[in-house]
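Novice: In this note's numbering, the protein residues as written are 9 to 144.
Cβ atoms here follow ideal geometry from the backbone N, Cα and C, with glycine treated the same way.
#1: Is it true that the region 14-28 meets the region 82-93, where meeting means three or more beta-carbon pairs spaced less than 8 Å apart?
#2: I need the boundaries of the alpha helix (DSSP H) containing residue 74, first residue and last residue.
#3: Using alpha carbons as the reference points, say which of 114, 134, 81, 67 lies closest to residue 1.
#4: Between the C-alpha atoms of residue 123 and residue 115, what's the straight-line distance to the nearest angstrom?
#5: Is residue 52 helix, strand or coil by DSSP?
#6: From residue 139 to residue 99, what does the alpha carbon distance come to, in whole angstroms?
#7: Taking the runs of the beta strand (DSSP E) that are 3 residues or longer, which of them lie wholly in the region 50-137?
#8: From the DSSP output, in three-state form, read off residue 46 for me.
#9: Residue 38 and residue 111 look like a contact to me (Cβ under 8 Å); what is the Cβ gap, rounded to whole Å?
#10: Would the region 101-108 and the region 119-135 be scored as touching if the rule is three or more Cβ pairs under 8 Å?
#11: Using alpha carbons as the reference points, say which of 46, 49, 74 lies closest to residue 118.
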């Protein structure tokens with residue numbers, strides 16, 4: 009596998025999303041690891057664990073790190089990884105469509121996977137209108 013995947017989220021958000029996506033696809037085609045950030049997490053220990061997990065997943069074409077919310081602790085940990093390790097892309101705002109789209113194209117380059125993840129995340133969000141138009 010050319011690109012690894014590290015998911016850093018609050019609590020079990022990442023674990024549940026990865027489990028659901030893997031169930032939908034029948035397998036996880038990327039080398040993936042999870043890091044759960046809890047209220048009890050120590051910042052230095054989190055960063056050390058993130059570095060270790062990144063080393064486990066990083067492929068020939070680098071790694072993608074998905075986090076749940078920009079500006080939060082998981083995103084800050086991910087951005088520090090990106091600053092210290094070439095070939096790491098960070099995407100915030102993980103959702104199930106983003107993850108499924110990313111996992112559907114394991115053969116693509118890191119840059120192409122980033123585009124697939126971003127488009128999947130954006131295109132998977134809708135305002136569902138049932139019945140009459142809500143604006144009238």
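Specialist: For this structure:
#1: yes
#2: Taken as a continuous stretch (DSSP letters only), residue 74 belongs to no alpha helix (DSSP H), being part of the beta strand (DSSP E) at 71-75.
#3: Residue 1 is absent from the model: the chain starts at 9 and stops at 144.
#4: 14 Å
#5: helix
#6: 35 Å
#7: 71-75, 96-99
#8: coil
#9: 6 Å
#10: yes
#11: 74
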